[in-house]
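Q: Quick one: the structure is below, and I'll ask about it shortly.
Numbering (UniProt numbering), first residue to last: 1 to 176.
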């Protein structure tokens, strides 16, 4: 199933999402790889099978196998890091923040794609997972690597719409 076909399954109360899902996948501020890597990583982070399959099917024509693997890796590594770093940031005992994480995360250093793209995908997943510390860190890296504020905003718009569509689909399944 494609995103367009999936869009047709959304209920009337999600009309804004129906319109936004197509609109956010177009950007003058991001490359096709950045757009589709963000969409794929965001769909994986949003955890809805139908949406993930639809995004992956459409992303297949836009992303190289290496970029697809890197987008999946961004979702995977941020799934771990966002929990760990959100805990160390939010817990009252600030000694945790100074302790070494002792978690393997070598993919961040060698993602197999342009580092700015991988960091952008990590930023989008961090936004979905609600880790402010990770959002700050990844936003700084992507801005330092030349992605504009408008590009960052476009990536977060993709993540927000993908996540909202996943929530609607999950809600529809729960009510079925």
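Every residue gets a Cβ at the ideal spot worked out from N, C-alpha and C, and that includes glycine.
Where does residue 33 land, buried or exposed, given buried means 16+ other C-beta within 10 angstroms?
A: That one is buried.
Q: Would residue 65 be called buried (16 or more neighbouring beta carbons within 10 Å of its own) or exposed?
A: With fewer than 16 Cβ atoms within 10 Å of its Cβ, residue 65 is classed as exposed.
Q: Let me check understanding here. Comparing Cα to Cα, which of 1, 5 and 13 lies closest to residue 168?
A: Of the listed residues, the one whose Cα sits closest to residue 168 is 13.
Q: Quick check: what's the CA-CA separation for residue 54 versus residue 158?
A: Distance between the alpha carbons of residue 54 and residue 158 is about 15 Å.
Q: Using 10 angstroms around the beta-carbon of residue 46, count the other beta-carbons present and answer buried if the total reaches 16, otherwise exposed.
A: Residue 46 is buried by the Cβ-count criterion.
Q: Out of 175, 164, 30 and 174, which has the shortest C-alpha to C-alpha gap to residue 51?
A: Per the Cα distances, 164.
Q: Just to confirm my understanding: we take residue 77, look at its own chain, exclude 5 residues before and 5 after, and list those with CB closer than 8 Å. What are they?
A: Counting only Cβ-Cβ distances below 8 Å, and skipping sequence neighbours, we find 105, 107, 108 and 122.
Q: Classify residue 182 as buried or exposed, calling it buried when 16 or more other Cβ atoms lie within 10 Å of its own Cβ.
A: The requested residue 182 is not part of the displayed model; the chain covers only 1 to 176.
Q: Can you tell me whether residue 134 is helix, strand or coil according to DSSP?
A: Helix, per DSSP.
Q: Taking DSSP as the reference, what is the three-state secondary structure of residue 106?
A: DSSP places residue 106 in helix when its eight states are reduced to three.
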